[in-house]
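Worksheet: one structure, shown below.
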Amino acid sequence: MTTSSAPGKIILFGEHAVVYGYPALAVPVTQVQATATVSENSRGGVMVEAPNINLSADLADLAPDHPLASVIKGVFSLLGVSRPPACTVYLQSTIPVASGLGSGAAVSVAIIRSLSEFLGHPLEDEQVNALAFQAEKLYHGNPSGIDNTVVTFAKPVYFIKKKPIKTFHVGAPFIIMIADTGISAPTKESVSAVRKLWMADKPHWDKIFTRVGEIVWNARQAIERGDIAELGKLMDANHSYLQKMTVSCSELDQLVIAARKAGALGAKLSGGGRGGNMIALVTKETAPAVARALSSAGAKRTIATQVG
Ligand code: PMV
Numbered sequence: 153m154t155t156s157s158a159p160g161k162i163i164l165f166g167e168h169a170v171v172y173g174y175p176a177l178a179v180p181v182t183q184v185q186a187t188a189t190v191s192e193n194s195r196g197g198v199m200v201e202a203p204n205i206n207l208s209a210d211l212a213d214l215a216p217d218h219p220l221a222s223v224i225k226g227v228f229s230l231l232g233v234s235r236p237p238a239c240t241v242y243l244q245s246t247i248p249v250a251s252g253l254g255s256g257a258a259v260s261v262a263i264i265r266s267l268s269e270f271l272g273h274p275l276e277d278e279q280v281n282a283l284a285f286q287a288e289k290l291y292h293g294n295p296s297g298i299d300n301t302v303v304t305f306a307k308p309v310y311f312i313k314k315k316p317i318k319t320f321h322v323g324a325p326f327i328i329m330i331a332d333t334g335i336s337a338p339t340k341e342s343v344s345a346v347r348k349l350w351m352a353d354k355p356h357w358d359k360i361f362t363r364v365g366e367i368v369w370n371a372r373q374a375i376e377r378g379d380i381a382e383l384g385k386l387m388d389a390n391h392s393y394l395q396k397m398t399v400s401c402s403e404l405d406q407l408v409i410a411a412r413k414a415g416a417l418g419a420k421l422s423g424g425g426r427g428g429n430m431i432a433l434v435t436k437e438t439a440p441a442v443a444r445a446l447s448s449a450g451a452k453r454t455i456a457t458q459v460g
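For reference, each letter of the sequence shown is one residue, going 153 to 460 in my numbering.
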């Protein structure tokens, strides 16, 4: 039997613009995890069990473009396994689905690691990342690759599409409060909405994405210097560009405003938007008040995570 877990993630800066080749910053969130366990079964065939999503099926009965089936088949194909041994892939996850916490990528990474180890050929991180990216395409349509990268390497990353992974130094640890709107919002839809805007007026949106790219670069510098106050201002600025991209919504905006009023140094939506999660920059002192304010403003749950 083999077991592997992978963390969730949040995007700190640069979502959406990252799809167009601009940088983004993201960090792992270890408080939430996806776990895959692979064990022999006596029934025969490859069984996939995911009670969280009410799935219990034979791999052979899943559609070829089912993300879980594609990940499992991707591992078999990479390892040249034409007759897979009878086994059960069991999945558990505490990462909410379709909320910007990278649940799809974490499930993929956990399966790839656990299954390749079960088959006696544990894969290198680069191979895990490449396979998980293939599955991201099924979840997201046109993903930048940021989710699978942060989740695979489980480190803070400064990410640019198709460029080698770069991690960054955290000058002084800081606390991010994550709050869930409870609205499930497929990233595929917000990404395609932004693409429509961009197609209709490329020079305008390229300018906006360039400004977001500058915010991301400045944020990385602020994190490296440990300049938390500056980081908060940059989060606010990034949120207003995301509003222009039409990927915020009234529920996210209300949480952002509530967090700022309760003492957060900055706040923004995180991930695909139009639901899902927002993040707020807090200190040990302001964290309890911000968490309370977020809950009263409608957050379904809050998670505090330290970066660095
Ligand atoms: O919704 P999430 O956390 O999976 O983030 C998606 C980030 C986007 O930039 C909107 C899309 C992408 O593929 O990078």
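For glycine and all other residues, C-beta sits at the position ideal for the given N, C-alpha and C.
Check                                                                                                                                                      : Outcome
How about P175 and V343: are their beta carbons less than 7 Å apart?                                                                                       : no
What do you get for M153, buried or exposed, if any count of 16 or more other CB atoms within 10 angstroms of its CB means buried?                         : exposed
Taking the alpha-carbon of L275 as reference, which of P248, N429, T304 has the nearest alpha-carbon?                                                      : T304
I believe M430 touches A331 by the beta-carbon criterion, under 8 Å. Please report the beta-carbon distance rounded to the nearest angstrom.               : 5 Å
Report all residues from its chain with a CB closer than 6 Å to the CB of A339; omit the five preceding and five following residues, and keep chain order. : Correcting the residue type first, residue 339 is Thr in the shown sequence and not Ala. H292, G424.
List the whole-angstrom C-beta distance separating G297 from K307, where the pair is believed to meet the contact cut-off of C-beta under 8 Å.             : Wrong, their Cβ atoms sit about 15 Å apart, outside the cutoff.
What are the start and end residues of the alpha helix (DSSP H) that includes E288?                                                                        : 277 to 292
Mark T319 as exposed unless 16 or more other C-beta atoms lie within 10 angstroms of its C-beta, in which case mark it buried.                             : exposed
Going by DSSP, what residue range makes up the alpha helix (DSSP H) through K225?                                                                          : 219 to 230
Take the Cβ of L243 as the centre, count every other Cβ of all protein chains shown within 10 Å, and call the residue buried at 16 or more, exposed below. : buried
Can you name the residues that DSSP bridges to F320?                                                                                                       : In the DSSP output, where bridge partners are listed per residue, F320 has none listed.
Helix, strand or coil for V399? Go by DSSP, reduced to three states.                                                                                       : coil
In whole angstroms, what separates the C-alpha of L271 from that of G166?                                                                                  : 38 Å
Taking the alpha helix (DSSP H) that E269 falls in, what are its first and last residues?                                                                  : 255 to 270
Quick one: what's got a C-beta closer than 6 Å to A186's C-beta in the same chain, skipping five residues either side?                                     : A158, S245, I247, A258, V259, A262
Taking S229 as the reference, give the member of D213, A209, L421, H273 with the closest Cα.                                                               : H273
Would you mind reading off the limits of the alpha helix (DSSP H) that contains E376?                                                                      : 354 to 377
Does the Cβ-Cβ distance between A371 and L177 come in under 7 Å?                                                                                           : yes
Please tell me whether S156 and S255 are closer than 7 Å, where the distance is taken between their beta carbons.                                          : no
Out of Y393, G450, R426, point me to the one whose CA is closest to A250's CA.                                                                             : R426
Taking K396 and A445 to be in contact with their CB atoms under 8 Å, please state how far apart those CB atoms are, rounded to whole angstroms.            : No, K396 and A445 are not in contact; Cβ-Cβ is about 25 Å, not under 8 Å.
Going by the beta-carbon positions, is the gap between T240 and N300 smaller than 7 Å?                                                                     : no
Taking 7 Å as the threshold (C-beta atoms), are T438 and G415 in contact?                                                                                  : yes
Can you give me the C-alpha to C-alpha distance between E382 and V364, rounded to a whole angstrom?                                                        : 15 Å
Per DSSP, what kind of secondary structure is Y393 in: helix, strand or coil?                                                                              : helix
Can you pull the DSSP bridge partners for Q185?                                                                                                            : P159
Between which two residues does the alpha helix (DSSP H) harbouring L446 extend?                                                                           : 439 to 448
Determine the extent of the alpha helix (DSSP H) in which N300 is found, giving its start and end residues.                                                : 298 to 305
Mapping DSSP to helix, strand and coil, what is N429?                                                                                                      : strand
Under 7 Å between the Cβ atoms of G450 and G378?                                                                                                           : no
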